[in-house]
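K.L.:
Residue numbers (our numbering): 393 to 729.
Where a beta carbon is used, it is the ideal one built from N, C-alpha and C, also for glycine.
One structure, as structure tokens, below. Some questions next.
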Ligand SMILES: NC(=O)c1ccc[n+]([C@@H]2O[C@H](COP(=O)([O-])OP(=O)(O)OC[C@H]3O[C@@H](n4cnc5c(N)ncnc54)[C@H](OP(=O)(O)O)[C@@H]3O)[C@@H](O)[C@H]2O)c1
């Protein structure tokens, strides 16, 4: 094999990305140098957070035109000249939307066989135990600071960040309300233990819907979407409430000025706090958090849903489907095995 396939950024998107923003190309496979290993990529992720980097700087600099699309991936070491990456080892890292990845070992981690066994598949390394699951964990504990009896509202609750945050909040003795964009997603939220599930597309007045679901107010709003949902949550917050700004997906594709927050008075009257996070800031604690979450999964206290799309050719449409509500759970693309 002398070439591999990869998706690169062909042009910057305007609004919701279209297929022509991406280009699939064959690239020559470099000869392995001492200290390098060749990884055959098996699964890759599509992530809402990548959207802003297609247009400009975000938590990391903008992706240059022509650069491979970045993402998390799981794969197997097929050839190695790196003593730490043995051939046949399953690994995860930032492999991008490509079939193969040459690594010098930095940023690549072997999958711990103590975690990835039985019903826990290697793909969980880039889902519930990867960036989305860890965002739920650290967003909730470090910013939300849940206490028994708290009322927690979670938006995009059927996605991996939302579903994980909601279930962890339940484990802390909270009452959890989830928002999702279809009745099927709402049924899933009830299955995994959410107390209330609201279809925000059919609920009508969200401020009134939140008041009905949480008559005494919301203690923690775990926000994945921003926009008008955030305003409806703000006016329903209880005294000393905490708003965790995890994501703002409703704003990612807007070409105009962001909608902005309209209700700021409750921050004074209800003594509210609102704080965002970049999950990578908690990197030194990732392994500990992952081990805790793995115990919960094994004990049947935390579940996750994966949606595997077949073929690297489908990566752009899988990504675009994140913004239409088509995706349901952790969306991954199977590249090969
Ligand atoms: N801060 C961090 O470090 C960090 C790290 C990772 C992820 N995040 C953020 O966490 C959030 C969730 O990530 P995820 O990976 O679990 O993805 P996700 O929630 O599965 O995202 C896709 C889902 O978002 C919902 N959505 C799309 N457009 C929407 C809109 N205009 N209004 C409301 N909902 C919309 C759709 O579900 P519905 O059918 O329910 O509408 C869609 O299926 C994202 O905003 C992401 O950027 C933050």
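Given residue 415, which residues of its chain have a CB within under 6 angstroms of its CB, disregarding the five upstream and five downstream residues?
P.N.:
Sequence index remark: in the chain shown, residue 415 carries index 23 (1-based). Excluding sequence neighbours, residue 415 sits near 400, 402.
K.L.:
For ligand 1, I want to know if residue 626 counts as a neighbour, meaning its beta carbon is within less than 7 angstroms of at least one of the ligand's heavy atoms.
P.N.:
Within the chain shown, numbered from 1, the residue matching residue 626 stands at position 234. Answer for residue 626: no, Cβ out of range of ligand 1.
K.L.:
Does the beta carbon of residue 496 fall short of 7 angstroms from some heavy atom of ligand 1?
P.N.:
To locate residue 496, count along the chain shown from 1; it is residue 104. No, the Cβ of residue 496 stays beyond 7 angstroms of every heavy atom of ligand 1.
K.L.:
Rounded to a whole number of angstroms, what is the C-alpha to C-alpha distance between residue 608 and residue 631?
P.N.:
Along the chain shown, read from residue 1 onward, the residue named residue 608 stands at position 216. Along the chain shown, read from residue 1 onward, the residue named residue 631 stands at position 239. The alpha-carbon atoms of residue 608 and residue 631 are separated by roughly 10 angstroms.
K.L.:
Tell me which same chain residues have a C-beta within less than 8 angstroms of the C-beta of residue 669, skipping the five on either side of it?
P.N.:
For the purposes of this step, residue 669 is identified with residue 277 of the chain shown, where counting begins at 1. Cβ neighbours of residue 669 beyond the five flanking positions: 527, 530, 531, 534, 535, 636, 637, 638.
K.L.:
Quick one: measure Cβ to Cβ for residue 467 and residue 432, integer angstroms, because I've assumed they're closer than 8 angstroms.
P.N.:
By one-based count along the chain shown, residue 467 stands at place 75. By one-based count along the chain shown, residue 432 stands at place 40. The Cβ separation is near 5 angstroms, so the contact holds.
K.L.:
Anyone know if the C-beta pair for residue 698 and residue 719 falls short of 8 angstroms?
P.N.:
Indexing the chain shown from 1 puts residue 698 at position 306. Indexing the chain shown from 1 puts residue 719 at position 327. Cβ distance not < 8 angstroms, so residue 698 and residue 719 don't count as in contact.
K.L.:
Which word fits residue 477, buried or exposed, when buried means at least 16 other C-beta atoms lie within 10 angstroms of its C-beta?
P.N.:
For this step, residue 477 is matched to residue 85 along the chain shown. With a threshold of 16 other beta carbon atoms within 10 Å, residue 477 meets it and is buried.
K.L.:
Should residue 500 be listed as close to ligand 1, given that the test is whether its C-beta is under 7 angstroms from any heavy atom?
P.N.:
In the chain shown, residue 500 corresponds to position 108, counting from 1. Remark: the C-beta of residue 500 is outside contact range of ligand 1, defined as less than 7 angstroms to any heavy atom.
K.L.:
Bridge partners of residue 418, per DSSP?
P.N.:
To locate residue 418, count along the chain shown from 1; it is residue 26. Answer is 397.
K.L.:
Determine which residues share a DSSP beta bridge with residue 635 and list them.
P.N.:
For this step, residue 635 is matched to residue 243 along the chain shown. Bridge partners of residue 635: 613, 666.
K.L.:
Mind listing, in chain order, the continuous beta strand (DSSP E) runs of no fewer than 3 residues lying wholly within the region 516 to 592?
P.N.:
The region 516 to 592 contains these whole beta strand (DSSP E) runs: 543 to 546, 567 to 572, 588 to 591.
K.L.:
Would the C-beta of residue 647 count as close to ligand 1, meaning under 7 angstroms from any of its heavy atoms?
P.N.:
Within the chain shown, the letter at position 255 stands for residue 647. Not under cutoff, so the answer is no.
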